[in-house]
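Take a look at the structure below.
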């Protein structure tokens, strides 16, 4: 029998974290048992639409819009897994009606309008924190390397107080988000 498809409307649901999102899906399906399609449900086309939207709502509440860690599955970051879950969820509901789901995939995904701006700010803040973390990790590595080279080559002997001052100065220079202005000390360090 022929393959059919439809696109669900944009549904407003809450994701796993309780954030309101808009989600829509495209479902490709076909009747594989005409007797079940005709006799088990009143209107199999309407049944497919209603069950697909119900499955989409259910699936959307199982995942966060965006993952908070690299191991977590999210609606935005794991399309393949999410689409497979959606297909299975719809298929489970349509099996008794003699309908096979050929494919199901998310066609629209966005934060709901009322929180979109706040979530964008949160994403930007997360990106800034991740960038700063990387900068600090790199700066600490550079400071360790500098101290190690100075010690190995015998360029200068630093006591703990001077090492602390050097570490502090290097970290300020390396981690700062603005250009530094050098200050030349004309006097003695003691």
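In this note's numbering, the protein residues as written are 54 to 243.
Think of the CB as a built atom: it goes at the ideal place given N, C-alpha and C, for glycine as much as any other residue.
Find out if the Cβ-Cβ distance for the pair residue i, residue j is shorter than 8 Å.
i           : j           : result
residue 69  : residue 120 : no
residue 79  : residue 64  : no
residue 74  : residue 211 : no
residue 142 : residue 81  : no
residue 135 : residue 101 : no
residue 150 : residue 94  : yes
residue 72  : residue 164 : yes
If contacts are defined as beta-carbon pairs under 8 Å, then residue i and residue j qualify, I think. What distance do you get, rounded to the angstrom?
i           : j           : result
residue 172 : residue 139 : The Cβ separation is near 22 Å, so there is no contact.
residue 192 : residue 147 : The Cβ separation is near 56 Å, so there is no contact.
residue 224 : residue 182 : That belief does not hold up - the Cβ atoms of residue 224 and residue 182 are roughly 17 Å apart, past 8 Å.
residue 90  : residue 97  : 4 Å
Can you tell me whether residue i is buried or exposed, with buried defined as 16 or more other CB within 10 angstroms of its CB?
i           : result
residue 159 : buried
residue 199 : exposed
residue 61  : buried
residue 205 : exposed
residue 194 : exposed
residue 128 : buried
residue 54  : exposed
residue 170 : exposed
residue 105 : buried
residue 84  : buried
residue 237 : exposed
residue 56  : exposed
residue 154 : buried
When the cut-off is 8 Å and only beta carbons count, does residue i lie next to chain C?
i           : result
residue 123 : The structure shown contains no chain C, having only a single protein chain.
Going along the chain, which unbroken runs of the beta strand (DSSP E) with 3 or more residues stay wholly within the stretch 63 to 89? Counting only runs of 3 or more, we get 64 to 67 and 73 to 84.
So within the stretch 130 to 184, which uninterrupted beta strand (DSSP E) runs reach at least 3 residues, ignoring any that extend past its ends? Within the stretch 130 to 184, the complete beta strand (DSSP E) runs of at least 3 residues are 152 to 164.
Ignoring anything shorter than 3 residues, give me the beta strand (DSSP E) runs that lie fully in the stretch 95 to 123, in order along the chain. Entirely contained in the stretch 95 to 123, not one beta strand (DSSP E) run reaches 3 residues.
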